[in-house]
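Working notes, structure below.
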Amino acid sequence: MKKKLSFLFPILDWTDGYSSDTFRADFVAGVVVLFITVPQVIAYAFLAGLPPEAGLYAALGSLIIYSLAGSSRTLAVGPTAIIAMMTLEVASSFAAPGSGDYISVTIKLGFITGILLLLLRLLNFGNVISFLSHAVVTGFITAAAILIVASQLPPLLGLSTSSDTRLIGVFSHLGTHTANIAALVISLLAFLILIFCRLRLESYLLRLRFSKSWASALTKTAPMYIVILGIIVTSLFNLNGTYGLPIVGPVPSGLPSVSLVSLSLAEFRDLLPSALLIAMVIFMESISIGTAMASKRREKILPNQELVGLGLANIGASSFGGFPVAGSFSRTVVNFASGARTPMASIVTAVFLVLAICFFSSMFYFLPKAILSAIIVISALQLIDFSALRKIFIFNSSDAVTFCFTFLAVLIVGVESGIIIGVVISFVLLIRSSSRPHIAVVGRVGGSEHFRNVLRHQVATSSSLLAVRIDESLYFVNARYIETFFLNELADRPDVQNLLMIFTATNFIDTSGLEMIEALSENLEEIGVTLHLAEVKGPVMDKLRETDFYRRMKGEVFFTTDEAFQKLGGI
């Protein structure tokens, strides 16, 4: 009974036997993650076209709820760069960024996204392979990273942001404005400090005899140092008043009012397609990082439970006045590296986040927007995985084509349309590949029971037997191609009396495939050739036994290829 309850409510699992030592580890990790969470979520709210408090509220609502309902012990949920970018693209088509209507749209978008994630759980989607291939995801993330960097060029230069997320829109916006020198200087200094912290700070701290864990934690919380330094310098020298440096401005103090989101049927219908796409990306983004961290400790990630945790987290974020959230790669890595053992670390982060919202929100007034943009750019550049790009282009040409189409489509027409185009291209190429499956004429290797392609190996064959291995399921896409292959091979082998179809890699046969086999069998009988089958998988055999073809079949069904060769070919 307890096992079933812990499956439904993961908190019952990780709180069982929870010790003071575990709490100390979680407490330290939670505090460390707080120092990277605050600047990041404010920056991502800025990226999404929202006021800074929206990022804080989204993080607060999602951290608490996911820690109770998610299956990952270290996943840090909250605003992320990719989801913020997608939120901006969707919501800006309904209202002007920053407006009351715009904020309302983002809240409703998060709520619908959460509902869809829960619905996907009911449909058992967590155990289904995603429709987003690795090439599509990589192309989308790489292009999105470039779009994110481009979208931050205006605030880095002290200009207003562009609501057009496409490259052409951003650069058109830049061409009509003049840069703010103070913002440009602040941006350059922020980049220099962030890059120094990322590349050199840890080694310097180790030389000063800091422990490895503390040196790593202090290095990863570098964004907070930049934020504090920027606030102090801006307020001391009145950079916003003297030089017109754009700053965050007032941030409301106190906790948000929690309420369920109300929306009309028309609003639900309008936001549904975009919310579904965002839900898919949230799941993919979160399950990838969650699984990577869990594998390092031999822990389990339950995909269906992740849909529940992420769905409730998005509903919670929207109820707090936030926007769609996902598992954060950078914050999860910091959480894991800082020694977090259970989701209690996220609860600790949430508790201190409450204190920050209630008592320290006013300090963000003088925070330069250029610093937030620098944090976003550094985070976005880390999304580009050059090793993955190299693998795609070297290993599979179809994946390379899919990547290029997705990458260019996201850059040119936008994130949503780009992903859809990428998915369509990947399916077209998949169908094309399946329509021309690998088929091999095989023979016996020496005196063994192994059979290999006659074009690749020295094998023994029989002139009266044509043995063919089909490395694909038989269905409407490839049935005609496979039939043509058989007829062409038989035309070149006039002495063949038996055709053996080896179904080692055939997982299913649809009606088109069955029709092809029946027609082929009848045509072969007319020319004195008998059709036989070998190594048919159980589920496929069960279906064949229910057909008239099986009852009328003149040939045999052999358990092994070896048995068929001995009886039909004499070898």
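Residue numbers (the numbering used here): 1242 to 1812. Positions of the beta carbon are idealized from the N, C-alpha and C atoms, including for glycine. Computed from a predicted structure; not experimentally measured.
Going by CA-CA distance only, name the one from the options that's closest to residue i.
i            : options                : result
residue 1525 : 1513, 1551, 1512, 1535 : 1551
residue 1835 : 1768, 1711, 1726       : Not covered by the structure: residue 1835. The range shown for the chain is 1242 to 1812.
residue 1557 : 1257, 1304, 1255       : 1304
residue 1388 : 1595, 1648, 1333       : 1648
residue 1318 : 1337, 1298, 1375, 1331 : 1298
residue 1522 : 1295, 1343, 1357       : 1357
residue 1345 : 1430, 1469, 1503, 1271 : 1503
residue 1789 : 1762, 1769, 1801       : 1762
residue 1293 : 1719, 1669, 1799, 1598 : 1598
residue 1496 : 1601, 1311, 1627       : 1601
residue 1339 : 1635, 1295, 1494, 1501 : 1295
residue 1546 : 1366, 1350, 1807       : 1366
How many angstroms separate the CA atom of residue i from the CA atom of residue j?
i            : j            : result
residue 1380 : residue 1328 : 19 Å
residue 1491 : residue 1383 : 34 Å
residue 1803 : residue 1637 : 34 Å
residue 1532 : residue 1539 : 10 Å
residue 1553 : residue 1347 : 16 Å
residue 1797 : residue 1765 : 14 Å
residue 1682 : residue 1760 : 21 Å
residue 1527 : residue 1498 : 27 Å
residue 1252 : residue 1308 : 8 Å
residue 1767 : residue 1694 : 28 Å
residue 1736 : residue 1709 : 16 Å
residue 1690 : residue 1701 : 12 Å
residue 1593 : residue 1576 : 15 Å
residue 1363 : residue 1548 : 9 Å
residue 1724 : residue 1642 : 29 Å
residue 1320 : residue 1555 : 10 Å
residue 1751 : residue 1769 : 27 Å
residue 1646 : residue 1621 : 21 Å
residue 1729 : residue 1650 : 41 Å
residue 1442 : residue 1313 : 30 Å
residue 1581 : residue 1596 : 21 Å
residue 1568 : residue 1468 : 23 Å
residue 1732 : residue 1632 : 41 Å
residue 1353 : residue 1264 : 35 Å
residue 1515 : residue 1331 : 7 Å
For residue i, collect the residues of the same chain with a Cβ closer than 6 Å to its Cβ; drop the 5 residues on either side in sequence, then sort them by chain order.
i            : result
residue 1289 : 1325, 1328, 1329, 1564
residue 1276 : 1462, 1465
residue 1652 : 1384, 1408
residue 1795 : 1771
residue 1743 : 1710, 1775, 1776, 1802
Got a sec? Which residues, its chain only, sit under 7 Å from residue i by beta carbon, not counting five neighbours each side?
i            : result
residue 1734 : 1707
residue 1378 : 1525
residue 1718 : 1672, 1675, 1676
Taking only three categories from DSSP, how would you classify residue i?
i            : result
residue 1693 : strand
residue 1742 : strand
residue 1685 : strand
residue 1491 : coil
residue 1472 : helix
residue 1773 : strand
residue 1552 : helix
residue 1799 : strand
residue 1291 : coil
residue 1715 : strand
residue 1426 : helix
residue 1672 : helix
residue 1319 : strand
residue 1737 : coil
residue 1396 : helix
Taking 8 Å as the limit between beta carbons, can you name the residues of its chain near residue i, skipping five residues before and five after?
i            : result
residue 1439 : 1460, 1463, 1619
residue 1446 : 1455, 1456, 1459, 1460
For the ligand FMN, is there any heavy atom lying closer than 7 Å to the beta carbon of residue i?
i            : result
residue 1380 : This structure does not include the ligand FMN; it has no bound ligands of any sort.
Q: State whether the region 1584-1591 contacts the region 1464-1482, with contact taken as three or more CB pairs (one from each stretch) at a distance under 8 Å.
A: Under the Cβ criterion (8 Å, minimum of three pairs), the region 1584-1591 does not count as touching the region 1464-1482.
Q) Would the region 1420-1439 and the region 1608-1616 be scored as touching if the rule is three or more Cβ pairs under 8 Å? A) Yes: the two stretches touch, three or more of their Cβ pairs being nearer than 8 Å.
Q) Three or more C-beta pairs closer than 8 Å, one from the region 1417-1428 and one from the region 1651-1670: is that the case here? A) No: the two stretches stay apart, fewer than three of their Cβ pairs being nearer than 8 Å.
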